[in-house]
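Colleague: Positions 78 to 334 (my numbering) are the ones given, in order, by the sequence shown.
There's a structure below that I have some questions on.
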Amino acid sequence: MRAQTLPSAAGWSWIMTGFAIFRRNPLVLGMLVLTYWFTVIFLNILPFIGTLAASLIIPGLSVGLMQAARQVERGQPIGVQTLFGSLKENGRTLIALGALYLCCTLGILGLSALLDGGDMFHFMMASSRAERLAAEDADFIAPALFVMVMMTPVMMAYWFAPVLAAWHHLSLGRSLFFSLVACWINWRAFLVYGVGLMLVAGIAPGVLLGLLLLIFPDAANFIAAVITMPMVLVIAPTVFASFYACYRDIFGISEIV
């Protein structure tokens, strides 16, 4: 197991590769992303165990989307079975990754309560609009910065861990370690990648929608309905496919699966 050190320009290349993969099978990739979202949303609305169940299954579903991108790149067919089939690959480790990530997130949010008395934690964990409104007047700047700093190494360790566990059958500790190292030695590429994602998934769509609303102010609802969903169905699969491009370039294409 060896992670390659790539130039900063690789970050933008991952986004372009993700879009190229999306163009090969846009309909099915879009359907799989929607299935992923609906599955997570459905689990989250279940009482008591919903959030836990969603957290445990997300690593496996993420691997499924990467597997779909990989098969599209190779010209192989994909379907719903591709998304859910990866849950069987080193399933115990994938579940453990989901549980650990949830614990780390809750722990960091809990620590942020020392800075604001728990206002941001209550806001994020609110289950109703009334609870959110009660907490939204608080100052979240300091706790938000704290959470961002603390979550960065957690996300670095988690970024490649699911796919390393599933495709390379690494243990929980080794998958987290190699993911952390890979992100650390490629921080320049990931910095460009992050800026590129902000541009492609946030700034550019926002500017486009803003211009359309300025030109056609009386058709705001129509534009939002007609333009937003197609953009999401292009951007989201592209982003997920770019995750696979990250793995492919840094670790090489695994032939284990």
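Using N, Cα and C, we set each Cβ at its ideal position, and we do this for glycine too.
Here the structure is a predicted model, which means the values were calculated and not measured.
#1: So the candidates are Gly-273, Ile-292, Ile-300 and Leu-286; which of them puts its Cα closest to the Cα of Ser-90?
#2: Suppose you measure from the CA of Val-334 to the CA of Tyr-324; what does that come to, to the nearest Å?
#3: Entirely within the region 210–257 and at least 4 residues each: give me those alpha helix (DSSP H) ranges in chain order.
#4: Going by Cα to Cα distance, which pick from Glu-150, Leu-288, Ala-131 and Leu-291 is closest to Tyr-178?
#5: What first and last residue would you give for the alpha helix (DSSP H) that runs through Asp-407?
#6: Please work out which residues of its chain come closer than 6 Å, Cβ to Cβ, to Met-308, disregarding the five sequence neighbours upstream and downstream, and give them in chain order.
#7: Skipping 5 residues on each side, what residues in its chain have a beta carbon closer than 8 Å to that of Gly-88?
#8: If you reduce the DSSP assignment to three classes, tell me which class Ser-85 lands in.
#9: Note the first and the last residue of the continuous alpha helix (DSSP H) segment covering Asn-121.
#10: Which value, in whole angstroms, describes the spacing of the CA atoms of Leu-83 and Phe-237?
#11: Output the distance between the C-alpha atoms of Pro-314 and Ala-221, rounded to the nearest integer angstrom.
#12: What's the C-alpha gap between Phe-320 and Met-143?
#13: Could you tell me whether the Cβ atoms of Gly-184 and Leu-133 are closer together than 8 Å?
#14: Taking Cβ positions, are Leu-344 and Leu-241 nearer each other than 8 Å?
#15: Residues in its own chain within less than 7 Å of Ile-304 by CB, not counting five upstream and five downstream?
#16: Pick helix, strand or coil for Pro-282, following the three-state DSSP scheme.
#17: Using the Cβ count rule (16 or more neighbours within 10 Å means buried), how would you classify Pro-124?
#18: With Phe-161 as the anchor, note down where its alpha helix (DSSP H) starts and where it stops.
Modeller: Short version:
#1: Gly-273
#2: In this predicted model, Val-334 has a pLDDT of only 43, less than 50, meaning its place in the structure is not dependable; the value taken from the coordinates is given anyway. In a straight line, the C-alpha of Val-334 is about 14 Å away from that of Tyr-324.
#3: 218–236 and 238–244
#4: Ala-131
#5: The requested residue 407 does not occur in the structure, where the chain is confined to residues 78 to 334.
#6: Pro-282
#7: Arg-265, Ala-266, Phe-267, Leu-268, Val-269, Tyr-270, Gly-271, Val-272 and Gly-273
#8: coil
#9: 103–122
#10: 16 Å
#11: 28 Å
#12: 7 Å
#13: no
#14: Past the boundaries of the shown model lies residue 344; the chain is included only from 78 to 334, so the question cannot be answered.
#15: Leu-286 and Leu-289
#16: helix
#17: exposed
#18: 157–162
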